[in-house]
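Whatever position you read off the sequence shown (first residue = 1), add 771 for my numbering. Since the structure comes first, as structure tokens, the remarks are kept for the end.
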Amino acid sequence: MTATTPSPKLAALWRHVARAFDARAPRERLLLIASATVLLVGLADVMWLQDGWQSWQTLRQQRQGLETGLQRLKADQAALVDRHAADVQRMQAEVAALEQRLSRPSDGASHDLVSAEQMPTLLGELIGRRHGLRIRALQSLGQTPVGANEPPAGKAAASASSTSSATLASPPTTLYRHGVEVRVEGSYPELLAYLQALESLPQKLLWGSLQLQVEQHPRAVLTLRVYTLSPQAGWVQL
């Protein structure tokens, strides 16, 4: 391929400008070069640099806006976490206070307690009265003998030499502690109302343990263990 030959008019103009430039003094040449450079820089600024600068300024402002929004979201998240932690601590404190109040020793009379056969039904009926509660699990904890009155080993000799009337005495009644564990899901006010309903029953339950776990606020899961006493050793049927 051959290079494009400039037109005669353009070549003549270029020679005329070159002769005029060469005819000037060195100082004038420098001034002309500086003026041409300033003109080229100005044109470049108008044509490209200014647009690039404006684009950079726009991107910078957008980035600052995103950073400000991110900081605001982090602050909102921290406030939400603190508020959630405060709610959980408050609920745990109230449950602990209720557990302490419910754990006070009763009069020990088994006839004032809910029977072992009625306990699962009673727990379920109280949950059924509240539409916001749902039973996760209900299981028997078996039975444990309590109140067995066996003589200590150190008194075996004294027991052997006791009178015949003592050996013929009727053995003490053995009571069995029957336990049930129920896991209930609901909001905190509903769970608290459920515990208060259990507390206000005319026939009492022996309270074992309470555990509250917040899985997804405001829904929580309450794990409750309750017991009753019975002279029968049969397991609580669920």
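Quick reminder that beta carbons are idealized off the backbone N, C-alpha and C, glycines included.
(request) Mind reading off the beta-carbon distance from Leu993 to Leu962? Whole number of angstroms is fine, and I expect it under 8 angstroms. (result) Taking the first residue of the sequence shown as position 1, residue 993 is located at position 222. Taking the first residue of the sequence shown as position 1, residue 962 is located at position 191. Leu993 to Leu962, Cβ: 5 angstroms. Contact.
(message) Assuming His949 is part of the beta strand (DSSP E), what are its boundary residues?
(response) Walking along the sequence shown from the start, residue 949 turns up at place 178. Here the beta strand (DSSP E) through His949 covers 946-958.
(request) Helix, strand or coil for Arg795, going by three-state DSSP, please let me know. (result) Counted from its first residue, the sequence shown places residue 795 at position 24. Coil at Arg795, not helix or strand.
(message) Taking the beta carbon of Gln910 as the centre, do at least 16 other beta carbons fall within 10 Å, making it buried, or is it exposed?
(response) In the sequence shown, counting from the first residue as 1, residue 910 sits at position 139. Taking all protein chains in view, the Cβ of Gln910 is surrounded by fewer than 16 other Cβ atoms within 10 Å, so the residue is classified as exposed.
(request) Would you kindly work out how many angstroms separate the C-alpha atoms of Ala857 and His949, rounded to a whole number? (result) Mapped onto the sequence shown, residue 857 falls at position 86. Mapped onto the sequence shown, residue 949 falls at position 178. Approximately 36 angstroms between the Cα atoms of the pair.
(message) Am I right that Tyr965 and Pro989 are in contact with their C-beta atoms under 8 angstroms? What's the rounded C-beta distance?
(response) Numbered from its first residue, the sequence shown carries residue 965 at position 194. Numbered from its first residue, the sequence shown carries residue 989 at position 218. With 8 angstroms as the limit, Tyr965 and Pro989 do not qualify as a contact, their Cβ atoms being about 15 angstroms apart.
(request) State the beta-bridge partners of Ala991 as determined by DSSP. (result) Position 220 of the sequence shown, counted from the first residue, corresponds to residue 991. Per DSSP, Gly957, Val985.
(message) With H, G and I counted as helix, E and B as strand and the rest as coil, what does DSSP make of Leu1013?
(response) Because the chain here runs from 772 to 1009, residue 1013 falls outside it and cannot be looked at.
(request) Decide if Thr999 is buried, meaning its Cβ has at least 16 other Cβ atoms within 10 Å, or exposed. (result) As a first step, residue 999 is located in the sequence shown; it is residue number 228 there, counting from the start. Under this definition Thr999 is a buried residue.
(message) Quick check on Gln914: buried or exposed, where buried means 16 or more other Cβ atoms within 10 Å of its Cβ?
(response) Here residue 914 refers to the residue found at position 143 when the sequence shown is read from its first residue. By the neighbour-count rule (16 or more Cβ atoms within 10 Å), Gln914 is buried.
(request) Let me know the secondary structure DSSP gives Ala849 once reduced to three states. (result) As a first step, residue 849 must be located in the sequence shown, where it is residue number 78. Residue state, collapsed to three classes: helix.
(message) With a threshold of 6 angstroms on Cβ separation, who are the neighbours of Asp793 within its own chain once the five nearest residues in sequence on each side are excluded?
(response) Residue 793 sits at position 22 when you count from the first residue of the sequence shown. Excluding sequence neighbours, Asp793 sits near nothing in its chain.
(message) Assuming the contact rule is C-beta atoms closer than 8 angstroms, Pro891 and Val951 should be a hit. Round their C-beta distance to whole Å, please.
(response) Here residue 891 corresponds to residue number 120 of the sequence shown, with the count starting at 1. Here residue 951 corresponds to residue number 180 of the sequence shown, with the count starting at 1. With a Cβ gap of about 6 angstroms, Pro891 and Val951 count as contacting.
(request) With a threshold of 16 other CB atoms inside 10 Å of the CB of Trp827, please say whether the residue is buried or exposed. (result) Position 56 of the sequence shown, counted from the first residue, corresponds to residue 827. By the neighbour-count rule (16 or more Cβ atoms within 10 Å), Trp827 is not buried but exposed.
(message) Here's the rule: buried if 16 or more other CB atoms are within 10 angstroms of the residue's CB, otherwise exposed. What is Val852?
(response) For the purposes of this step, residue 852 is identified with residue 81 of the sequence shown, where counting begins at 1. Val852 comes out exposed.
(message) Let me confirm a value: Ser1001 is counted as buried when at least 16 other C-beta atoms fall within 10 Å, else exposed. Which label applies?
(response) Position 230 of the sequence shown, counted from the first residue, corresponds to residue 1001. Taking all protein chains shown into account, Ser1001 has 16 or more neighbouring C-beta atoms within 10 Å of its C-beta and is therefore buried.
(request) Return the first residue and the last residue of the beta strand (DSSP E) that Gln910 is part of. (result) As a first step, residue 910 must be located in the sequence shown, where it is residue number 139. For Gln910, the uninterrupted beta strand (DSSP E) segment begins and ends at 905-917.
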